[in-house]
Amino acid sequence: MTAKARSLATGSAAIVLCLALAACGGGGSGGGGDWSPPSGSGNWHTLDYSGNFNSTLANQIRNSARYQFVDYDLGGFIGHPYTAARLHIAMSAGLTGKRPNGQGHWVHVVDEGFRKTHEVFAGTVFNTAYDPAAPAHHGTHVASLIGANAGEMMGVAPDVRLVLTSGNFNPDYLAQATLHAANLGAVAQNNSWGYNKRAALGGGELLISEVQDRMATHNVSAATALKHFYGSDTVHWNSYIAALDQFQNNGVIVWALSNDETLNDPHDADATAGFAVLFPQLSESYITVANALVNYDGNLNITAIDRLSSICGATAQHCITADGTTWAASAVGNNTYASGTGTSYAAPIVTGSVALLAEAFPNLSPRDWTRRLLASANMDIPGFSSDGTVNFGNGIVKSYDWEFGHGFLDVAAALSPIGNVSYLSNGSTIETAERHLVDNTLLRGSSAFGDGLARGLSDVDMVVYDDLNGDFALSAFDLSLGNMVTSSRSSVATSRAIPRITPVSNTNAIIDRGSWGLDQLQSSESVEMGNWSFGISAVDGHEFLQDSLGLSSENVAGSSVLSFAQDTSAVVSRYNFEGGAVETFGFIGTHSETLDGSLSGIGGVLSLDFDPVTIKFGATRLAEQGAFLGMTANGGFGAPADTAISTFSLSASTELSQAIALFGGIEYGIAAGGAGTGLLASVDEASFTGYQLGLRFADLWADKDRLTFTLSQPLRVESGAMSFMVPHRDPDGNLTYERVDTTLQTSGRQVDLGLSYEFSPFEQSVLEFGFVYSADAGHIAGNEAAAVAAAFRHSY
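Right, here's the structure in full:
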């Protein structure tokens, strides 16, 4: 049984490789370090503890000497094999091929032999249970592209550990070696080699079509057909295929296609790389790799491409293209290097990329890693045509091309969200959970929360999922602002990731809604019966009630929870007695913060007159629907459907003279929300306050004019807590929900200084001017705001 390497040439050692592994598929080999090209060659943090893609660091990596060393320009093509795959961007997130515990992932490399003492492997951990062969150039070059961590060059995944297999390509031996790697938990297997037909059959490359013809004409299995062409025994072939199938439980199988450029039948390919076609059970986590040279522009758009291998052909549905023209370690000495090109050297770039995905997405399966690499491959390359499609699920349908497969490798895209990004809730598996698009999911606090909601959520990371079920992290802080852009920090400290979804915030815009109240127009009717009086306000009842409680004035309209009501109808009764009065009221209105909400309630006011001081004691009981103190949610989040609110108020006023009055009022309340829905598990009790203090002058410059100064605090949440249910998946797609608690505390306390003046320019008309300055505007420390307003009212 003979096998062949999948490199076209690798310096002088390529001769050894060809002698050891039969023939170098389709390409010529050069000696003495010279190389001649073969004829015809010419696009919201996965879960991790690192950070986002970092453009500055990416450029530093790209320009570093060890990164640049790998580049081998050929035939007018100057594209770097790593840069073409946007590997430097992936590396900028700190991905190096590690497990969550900090150890390197195992990667299985099957090849002719390895120089393990080479300087590029100074920090590499090896497992050599199935590696008896002497050092060889081809295997050393391949392994260094995957995991070089020192010396002159940079590997794709420098922290991986390597399981090495060499010396024997019999299927029974490879079955044992593959199971050994699978038991270690290897996340990828690199195969930069292929079988030749038995010498008795003329040797040379075996095609998928030949195997299929043998199966059909002799009514035999694929394993028996391989026995005929390659030798060995059907049992051993079945064992090898079963071992590869088992390997897919933990890892992705990567296979280099033939380098024979004349293999261009779209319905065929070499049989070794085509195992997944002959044995469909292998197609779950299986990638074949073609080799091409590329040029790209300053934005890394591929502008030219030259294929140096066979087309993807019959393997196109699980095929990808990469640039395998590289400089890497050689077996001549411990510090020697050589250039070469071939699918042999394109495949390990894909294999190393699998290790990076395994680090970034430890909760995904090998099937998921495979789908991400294929679905994200760059189709925007010259000559790409849609010869078919693959449905990856959840609406992700990807075109493939007979020549280039799914396109050119794009590691950064594979690490980024693919398709829509959603929150999951109310399901036990990734498939059964409800999906809520991030764009349609919002948690927004009212002005009463200030930045308390954002501060409380700043350390809470929500897990979001793209359409290929990749788990990413989005800070819950983003939800409080309702913004999603292109990158985010990860939420699971045991993984490592990228795509990032980050907030765009403008906290200066979060200032109190209506800090001053110039609109006092009311539509009301009243009836008096002795000591009793009854009234109804059909439109502006909430303003009338705030006045009754002593919580609003010319410049103040937001110091009471009643300010959340609008279009309010109120019914009021009043009983006057010597030295005071008792008012009771009921009201119902729409909600100022949500179209679907409402605010209703009952209450009472005890007014005591201690001439010249009047003191009022108030109490209300309110039912808020569709919000929690004005906090609203939609999509995957649901605020409590009903919020019970109790308030207590104290106000006082006195006339210092016939033209001067002093007044003030304060409200304290408690809101109880209870259980939420979806990702918002519950909202605990929250306390809130609001107050005003004012001085009013009358008849200053005109009859019945009025000048008012106020000092006030709009409604502010003083304390509170809420809980979220954060979904986490395992590699099998099962979901568990973590309860995360957070408290609400604003960084500042808004204080408004208000000034207003009103007068009557003519009968039944009022013209009013107002100015308000806000310190710690929006209850955010350091924020300032100011506003000027004017109003004209005329009664008919």
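At the far end of the sequence shown sits residue 797, using this note's numbering, and the numbering has no gaps. The beta-carbon is built from N, C-alpha and C at its ideal position, and this holds for glycine as well.
Give the C-beta separation of residue i and residue j to the nearest angstrom, bearing in mind that I take them to be a contact with Cβ-Cβ under 8 angstroms.
i      : j      : result
Cys313 : Thr289 : 6 angstroms
Ala778 : Ala790 : About 16 angstroms; that fails the 8 angstroms criterion.
Asp402 : Asn379 : Rounded, the Cβ-Cβ distance is 11 angstroms, inconsistent with contact.
Leu469 : Gly396 : About 10 angstroms separates the two Cβ atoms, so there is no contact after all.
Leu801 : Gly619 : As displayed, the chain neither begins before 2 nor continues past 797, which places residue 801 out of reach and without an answer.
Leu609 : Gly581 : 4 angstroms
Tyr252 : Ala189 : Checking the sequence, you will find Gly at residue 252 rather than Tyr. The pair is a contact, with the Cβ atoms about 5 angstroms apart (cut-off 8 angstroms).
Val110 : Asn169 : The Cβ separation is near 14 angstroms, so there is no contact.
Thr337 : Ser331 : 5 angstroms
Val212 : Ala226 : 5 angstroms
Leu294 : Thr344 : 13 angstroms between Cβ atoms; not a contact.
Gln746 : Gly446 : Wrong, their Cβ atoms sit about 12 angstroms apart, outside the cutoff.
Ala176 : Ala244 : 4 angstroms
Who are residue i's beta bridge partners in DSSP?
i      : result
His219 : DSSP, once it has assigned bridges, lists no residue as partnering His219.
Ala474 : Val464
Ser583 : Correcting the residue identity first, residue 583 is Val in this sequence and not Ser. According to DSSP, Val583 bridges with Tyr576, Leu607.
Phe760 : Leu768
Leu801 : With the chain running from 2 to 797 in the structure shown, residue 801 is simply not present.
Ala792 : Glu769
Ile90  : Answer by DSSP bridge pairing: none, since Ile90 is not bridged.
Glu739 : Val727
Thr709 : Arg697, Ser757
His181 : Partner(s): none; His181 has no beta bridge.
Phe70  : None; Phe70 has no bridge partner.
Phe170 : For Phe170, which the question treats as bridged, DSSP gives no partner whatsoever.
Gln547 : DSSP lists no partner for Gln547.
To which residues of the same chain is residue i closer than 6 angstroms at the C-beta, ignoring the five residues directly before and after it?
i      : result
Thr655 : Pro613, Val614, Leu663
Leu701 : Leu708
Thr644 : Glu625, Phe629, Ala672, Gly674
Ser574 : Phe535, Thr585
Asn128 : Val164
Ala776 : Val752
Gly152 : Glu120, Val121
Pro133 : Gly168
Asn392 : Val398
Ile431 : Asn470, Arg730, Gly734
His81  : Asp72
Thr487 : In this prediction, Thr487 scores a pLDDT of 23, lower than 50, which makes its location untrustworthy; the coordinate-derived value is nonetheless stated afterwards. Excluding positions up to five away in sequence, the list is empty.
Gln199 : The question names Gln, yet the displayed sequence has Arg at residue 199. Hits under 6 angstroms: Gly232.
Thr569 : Gly542, His543, Phe588, Gly590
Ile667 : Leu651, Tyr692
Ile512 : In this prediction, Ile512 has a pLDDT of 26, which is less than 50 and means its spatial position is unreliable; what the coordinates show is noted afterwards. Excluding positions up to five away in sequence, the list reads Ala778, Gly779, Ala786.
Leaving aside the five residues before and after residue i along the sequence, list all residues of the same chain whose C-beta is less than 7 angstroms from its C-beta, in chain order.
i      : result
His229 : Arg215
Asp269 : Leu208, Ile209, Ser210, Gly314, Ala315
Leu385 : Here the sequence assigns Phe to residue 385, which means Leu is not the residue at that position. Contacts found: Asp402, Phe405, Gly408.
Pro732 : Asn364, Leu365, Ser366
His795 : Gln765, Ser766
Arg1   : Residue 1 lies beyond the residue range present for the chain, which begins at 2 and ends at 797; the question has no answer from this structure.
Ala782 : Ser748, Gly749
Ala510 : Residue placement at Ala510 is flagged as unreliable, the pLDDT there being 26, under the threshold of 50; the coordinate-derived value follows with that caveat. Within the same chain, Ala510 has no close Cβ partners at all.
Pro136 : Gly114, Phe115, Arg116, Ala332
Within a Cβ cutoff of 8 angstroms, which residues of the same chain sit near residue i, ignoring the five residues on either side of it in sequence?
i      : result
Gly627 : His592, Thr595, Asp597, Gly598, Ser599, Thr633, Ala640, Ala642
Asp706 : Ala699, Asp700, Tyr758, Glu759, Phe760, Ser761
Ala434 : Leu425, Ser426, Asn427, Gly428, Pro728, Leu736
Check whether the Cβ of residue i sits closer than 6 angstroms to any heavy atom of the ligand GDP, and report yes or no.
i      : result
Val528 : Among the components of this structure there are no ligands whatsoever, and the ligand GDP is therefore not found.
Curious, which full-length alpha helix (DSSP H) runs of at least 4 residues does the segment 620-702 contain?
-> none
Okay, do the segment 306-325 and the segment 398-407 touch, 3+ Cβ pairs below 8 angstroms being the bar?
-> yes
Decide yes or no for the touch test of the segment 137-155 against the segment 105-117: beta carbon pairs closer than 8 angstroms, at least 3 of them.
-> yes
Which full runs of the beta strand (DSSP E) of 3+ residues lie inside the segment 94-165, going along the chain?
-> 107-111, 127-131
Contact between the segment 270-281 and the segment 747-759 (3+ Cβ pairs under 8 angstroms) = no
Segments assigned beta strand (DSSP E), at least 3 residues, entirely inside the segment 253-318 = 253-257, 287-297, 303-308
Does the segment 457-475 come close enough to the segment 723-732 that 3 or more CB-CB pairs lie under 8 angstroms?
-> yes
If you pair each beta-carbon of the segment 256-266 with each one of the segment 187-195, do three or more pairs fall below 8 angstroms?
-> yes
Report yes or no: do three or more beta-carbon pairs, one from the segment 175-193 and one from the segment 237-248, lie closer than 8 angstroms?
-> yes
Would you list, in sequence order, the uninterrupted alpha helix (DSSP H) runs of no fewer than 4 residues that lie entirely inside the segment 335-418?
-> 344-361, 367-376, 412-415
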